[in-house]
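Student: Can you keep this structure in mind? I'll have questions shortly.
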Amino acid sequence: MPLSMQPSDGSGCLEVSIEIGGIPIALRTTDSSFLKILHDRYANYIKASSPAEFTFDVELVSAGMADPDADVRVWIEGGDWQFERGDFRAEWNPERRQGRIRQTANPYSVDSVLRIVHTLLLAREGGFLLHASSAVRNGKAFLFSGLSEAGKTTMARLAPPDTSLLTDEASYVRRVGARYVAYGTPFAGDLGEPGKNISAPIAALYLLAKSSENQITPVEPAEAVRRLMRNILFFAHDEELVRMVFQSACAFVAAVPVFQLSFYPDHRVWDLIG
Amino acid sequence: MPNSDKYIARSTAIASRILADEMIIMSAADSTLFSLNPAGTVIWEAADGKTPLLRIVEDKVCAEFDIGIEQAYADAEEFVQGLAEHGILLVSDVPIIQK
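Top to bottom, those sequences are chains A and B. Position one of the first sequence corresponds to residue 5 (the numbering used here), numbered consecutively onward. Position one of the second sequence corresponds to residue 2 (the numbering used here), numbered consecutively onward.
Have a look at this one:
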C-alpha cells in the first residue's frame with residue numbers, strides 16, 4: 005500500500021496520516037524505514053486523502069532516553085501539552101495543530117503518544133478511551149470493561165464469527181448527537197491484533213467479573229460511574245479536563261445501559277450478548 | 002443547639018452531577034468519588050457559603066425529612082465535617098465568599 009508514502013512539503017519529510025475515531029493525525033519523519041514501521045503497525049488506519057487535523061514531526065534518536073522505566077507524565081505548559089515517559093518526549097500545541105515527538109525507532113512510543121492525544125481530544129467532546137474490549141454484533145457495539153486480568157482479551161478471543169472486534173484493549177467512545185459510538189482502534193492488548201476500522205452505536209457496557217457461571221446484572225448509576233471512572237484512560241494532571249471526563253462518564257451512564265457481566269470463560273457467555 | 006453557627010460552601014475543585022436521584026461528587030484534585038443520600042444532597046445543594054448550617058437543617062432537612070432538629074443538626078455537623086476532611090466542602094465560622 006504505497007498510498008501513505010508521500011513527501012509532505014518538499015522538505016524531505018515523509019508523512020503518514022493515521023485516522024482513529026474519525027480524527028486523522030499525521031506523523032512526519034525523514035526516515036523511510038521508520039515510516040514502514042508505522043505503515044505496518046497502522047495499516048488499516050491509514051488515511052490516504054483527507055487532510056490531517058494535527059501533525060507531529062517525529063525526531064528519531066539512536067538510544068539513551070533518560071529513564072526507560074519512568075511512568076508517563078502529561079502536563080500543559082504555556083499552551084503546549086508536554087508528554088514524557090522513559091521512552092519518549094513529546095510536545096503538542098492543539099491550537100497550532102502541531103506537535104513533535106522525540107523517540108527511538110519503535111512503534112510503541114508513538115502508539116502511546118497517539119493514545120494520550122486522543123484522550124485529550126475526547127475529553128473536550130464528551131468521549132473517552134476506556135480499558136475495554138469491544139465488538140460489533142448485529143450492527144451494535146458492546147463494550148467489556150475491566151482492569152488487567154478482568155477478561156477483556158478473553159471476551160475478544162471467545163467472540164463468535166458473526167462479531168467484528170473493535171479492540172481487545174482500549175475502546176474508543178465518542179458522543180455523536182444523543183448517542184454514543186464505539187470505533188475500532190489499533191490499540192491491541194494480549195491478542196496482539198488491531199481492531200477492525202469500523203464503528204457502531206453502543207448498545208451496552210459490561211463490567212467484567214470472572215465467575216463459575218454466566219450472569220448479567222444491572223449496575224446502579226452511581227456505582228456504574230465509579231467503576232467507569234476507574235477504567236477510563238486519562239493521563240493529564242489537569243483539573244478542568246478531569247472534571248470534563250467525570251461529566252462525560254455521568255452522561256454516558258445516563259444514556260447507555262451498564263451491566264455487570266459475571267462470566268465463565270467459554271464461548272457460551274456470548275449467548276447473552278447481542 | 003450550637004451557640005455559634007457554621008457556614009458551608011462547595012469547593013470549586015469538584016464536579017458533581019445527579020444521577021437517578023443520587024448526587025455524585027468528584028474531587029478534581031484526586032478523582033475520588035462520593036455519593037450522597039437524599040438528606041446529604043439537600044445540604045450539599047444549599048451550601049452557598051451564606052446560609053448558616055442551622056438554617057439549612059431547619060428549613061431544608063427537617064422540612065423534607067421526618068427528623069428532629071437536634072438529631073438532624075448533629076448528623077449534619079458530622080456530615081459536613083466528613084466532606085470537609087476530603088476537601089470538597091468548605092466549613093467556616095463566618096460566611097464564605099468564593100471568587
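Glycine residues also receive a C-beta, built at the ideal position from the N, C-alpha and C atoms. The structure presented is a predicted model; accordingly, all values stated were derived computationally and were not measured.
Nearest to residue 240/A by CA position, among 64/B, 38/B and 32/B, is which residue?
Tutor: 32/B
Student: Closer than 6 Å by C-beta to residue 61/B: which residues in its own chain qualify, once you throw out the five before and the five after it? Chain order, please.
Tutor: Contacts found: 43 and 47.
Student: Note down, in chain order, all residues in the segment 242-271 of chain A with a beta-carbon under 7 Å from any beta-carbon belonging to chain B.
Tutor: 243, 246, 247, 250, 251, 254, 257 and 258
Student: Find the residues of chain B that neighbour residue 183/A, judging by a C-beta separation of less than 7 Å, and give them in chain order.
Tutor: The premise fails here: residue 183/A is roughly 18 Å from chain B at the closest Cβ pair, so nothing lies under 7 Å.
Student: For a contact meaning CB atoms closer than 7 Å, what does residue 25/B contact in chain A?
Tutor: By Cβ distance, chain A contributes 226, 229 and 254.
Student: Specify whether the segment 102-113 of chain A and the segment 129-144 of chain A touch according to this definition: at least 3 beta carbon pairs, one from each stretch, less than 8 Å apart.
Tutor: no
Student: Per DSSP, which residues does residue 193/A bridge with? Please list them.
Tutor: None; residue 193/A has no bridge partner.
Student: Distance check for residue 190/A and residue 43/A, CA to CA, integer angstroms please.
Tutor: 12 Å
Student: Counting only the same chain and skipping the five closest in sequence on each side, list residues whose C-beta sits under 6 Å from that of residue 45/A.
Tutor: 111
Student: Return the bridge partner residues of residue 135/A from the DSSP annotation.
Tutor: 174/A
Student: Measuring CA to CA, which of 20/A, 87/A and 217/A is closest to residue 39/A?
Tutor: Closest by alpha carbon: 20/A.
Student: Would residue 156/A and residue 168/A qualify as a contact pair, given that the criterion is a beta-carbon distance under 8 Å?
Tutor: no
Student: Evaluate contact between the segment 222-234 of chain A and the segment 198-205 of chain A, counting only Cβ atoms and requiring at least three cross-stretch pairs below 8 Å.
Tutor: Taking a cut-off of 8 Å for Cβ pairs, the segment 222-234 of chain A and the segment 198-205 of chain A do not touch, as fewer than three such pairs fall below it.
Student: Are any of the Cβ atoms in chain A nearer than 8 Å to that of residue 36/B?
Tutor: yes
Student: In whole angstroms, what separates the C-alpha of residue 81/A from that of residue 96/A?
Tutor: 10 Å
Student: Hey, would you say residue 249/A sits closer than 8 Å to residue 132/A, going by beta carbons?
Tutor: yes
Student: Report yes if the C-beta of residue 66/B is less than 7 Å from at least one heavy atom of the ligand PLP; otherwise report no.
Tutor: This structure does not include the ligand PLP; it has no bound ligands of any sort.
Student: Decide if residue 276/A is buried, meaning its Cβ has at least 16 other Cβ atoms within 10 Å, or exposed.
Tutor: When all chains shown are included, residue 276/A counts as exposed.
Student: Could you work out which residues of chain B lie near residue 233/A, taking near to mean beta carbons separated by less than 9 Å?
Tutor: Within chain B, the residues near residue 233/A are 27, 32 and 34.
Student: Quick one: what's got a C-beta closer than 6 Å to residue 195/A's C-beta in the same chain, skipping five residues either side?
Tutor: 157, 160 and 172
Student: Quick one, which of 219/A, 41/A and 100/A has its alpha-carbon nearest residue 266/A's?
Tutor: 219/A
Student: CA-CA distance, residue 52/B and residue 30/B?
Tutor: 26 Å
Student: Just curious, the alpha helix (DSSP H) that residue 274/A is in, first and last residue?
Tutor: From DSSP, residue 274/A is part of no alpha helix (DSSP H); its letter is neither H nor E.
Student: Do residue 251/A and residue 16/B have their C-beta atoms closer together than 8 Å?
Tutor: yes
Student: Just to confirm my understanding: we take residue 207/A, look at its own chain, exclude 5 residues before and 5 after, and list those with CB closer than 7 Å. What are they?
Tutor: 144, 145 and 146
Student: Closer than 8 Å by C-beta to residue 9/A: which residues in its own chain qualify, once you throw out the five before and the five after it? Chain order, please.
Tutor: Here the model assigns residue 9/A a pLDDT of 43, short of 50, so the residue's position is not dependable, and the following value carries that caveat. Counting only Cβ-Cβ distances below 8 Å, and skipping sequence neighbours, we find 18, 20, 36, 39 and 43.
Student: Helix, strand or coil for residue 17/B? Go by DSSP, reduced to three states.
Tutor: strand
Student: Classify residue 30/A as helix, strand or coil using the three-state DSSP reduction.
Tutor: In this structure, residue 30/A counts as strand in the three-state DSSP scheme.
Student: Does the Cβ-Cβ distance between residue 184/A and residue 203/A come in under 8 Å?
Tutor: Judged by beta-carbon spacing, residue 203/A lies beyond the 8 Å limit of residue 184/A, meaning their Cβ atoms are not closer than that value.
Student: Hey, quick one: how far does the alpha helix (DSSP H) through residue 250/A stretch, first residue to last?
Tutor: 243-259
Student: Since residue 156/A is in the alpha helix (DSSP H), which residue starts that stretch and which ends it?
Tutor: From DSSP, the alpha helix (DSSP H) with residue 156/A extends over 156-162.
Student: Helix, strand or coil, according to DSSP, for residue 236/A in the structure here?
Tutor: strand
Student: Answer yes or no: do residue 237/A and residue 89/A have a C-beta to C-beta separation smaller than 8 Å?
Tutor: no
Student: For residue 60/A, count the other beta carbons within 10 Å of its own beta carbon; 16 or more makes it buried, fewer makes it exposed. Which is it?
Tutor: buried
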